[in-house]
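If you want it as structure tokens, here you go:
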């Protein structure tokens, strides 16, 4: 009886170790990737699973299908891609020029030197 309990205990322990050491980090990474893809906005720069760097120009979410992205891979060259093809987001939309100037002016302090 003690031998059977020992075998069951070590089997459960091995399965738990497998889950926490190998499977949990992969699942966490998948959740983070899906969250990042859901938060994509027009103007974001992304990398596809094929290694193509592109800018998101449009997001189309039909009622009866997967969400599609219109990506600009070069000036005037557009491709359609599913959100599953996005590996990660490189950059987000930059602030408007007025907002950028206000940020620089606020960071300049009283001296007017942005490096201060």
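Residue numbers (my numbering): -17 to 98. Don't be surprised by glycine CBs; every beta carbon is placed ideally from N, CA and C.
Problem - Spatial distance of residue 36 from residue 4 (CA atoms) - result: Distance between the alpha carbons of residue 36 and residue 4 is about 32 angstroms.
Handout entry: CB of residue 28 within 9 angstroms of CB of residue 68, strictly
Key = Yes. Within cutoff.
Handout entry: Short Cβ contact (9 angstroms threshold) for residue 30 with residue 53
Key = In this structure, the beta-carbon distance from residue 30 to residue 53 falls below 9 angstroms.
Practice task
Reducing DSSP to helix, strand and coil, say where residue 35 ends up.
Solution key: In the three-state scheme derived from DSSP, where H, G and I count as helix and E and B as strand, residue 35 is classed as strand.
Problem - Nearest candidate by alpha-carbon position, reference residue 39, set 2, 15, 63, 25 - result: Ranking 2, 15, 63, 25 by Cα distance to residue 39 puts 25 first.
Practice task
Would you check whether the ligand MG has a heavy atom nearer than 8 angstroms to the C-beta of residue 15?
Solution key: The ligand MG is not among the ligands present in this structure, which contains no ligands whatsoever.
Exercise for the section: Output yes or no for whether 9 angstroms exceeds the beta carbon distance between residue 49 and residue 43. Expected result: Contact: yes.
Exercise for the section: Could you tell me the distance, in whole angstroms, from the CA atom of residue 1 to the CA atom of residue 33? Expected result: Rounded to the nearest angstrom, the gap between the Cα atoms of residue 1 and residue 33 is 30 angstroms.
Practice task
Would you kindly work out how many angstroms separate the C-alpha atoms of residue 46 and residue -5, rounded to a whole number?
Solution key: So the alpha carbons of these two residues sit roughly 43 angstroms apart.
Exercise for the section: Grab me the residues of residue 22's own chain with a C-beta within less than 8 angstroms of its C-beta, minus the 5 sequence neighbours each way, in chain order. Expected result: For residue 22, where only same-chain residues beyond five positions count, the Cβ hits under 8 angstroms are 28, 38, 41, 51, 65, 68, 71.
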